[in-house]
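Contents: one structure, followed by commentary.
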């Protein structure tokens, strides 16, 4: 695994996985629900929210 998190040393195969993981450390939540305005750290969490 060549993409290593500088905060916790977790390893990832893809740079996009590292970027998504980094949201855990930064608190960034770039995915916004268009219906209620809540923000999520991953698109899959947003999708789960929208489907529920």
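In our numbering, the protein residues as written are 1400 to 1451.
From the three backbone atoms N, C-alpha and C, an ideal C-beta is built for every residue, glycine too.
Which residues bound the alpha helix (DSSP H) around residue i?
i: residue 1415; result: 1414 to 1425
i: residue 1408; result: Careful: residue 1408 lies outside any alpha helix (DSSP H) and carries neither H nor E.
i: residue 1447; result: 1442 to 1450
Using DSSP with H/G/I as helix, E/B as strand and the rest coil, what is residue i?
i: residue 1436; result: coil
Contact defined as beta carbons within less than 8 Å: I believe residue i pairs with residue j. What is the distance between those atoms, to the nearest angstrom?
i: residue 1400; j: residue 1411; result: 6 Å
i: residue 1430; j: residue 1420; result: At roughly 15 Å, the Cβ-Cβ gap does not stay under 8 Å, so residue 1430 and residue 1420 are not in contact.
Tell whether a beta-carbon distance below 8 Å holds between residue i and residue j.
i: residue 1404; j: residue 1417; result: yes
i: residue 1427; j: residue 1415; result: no
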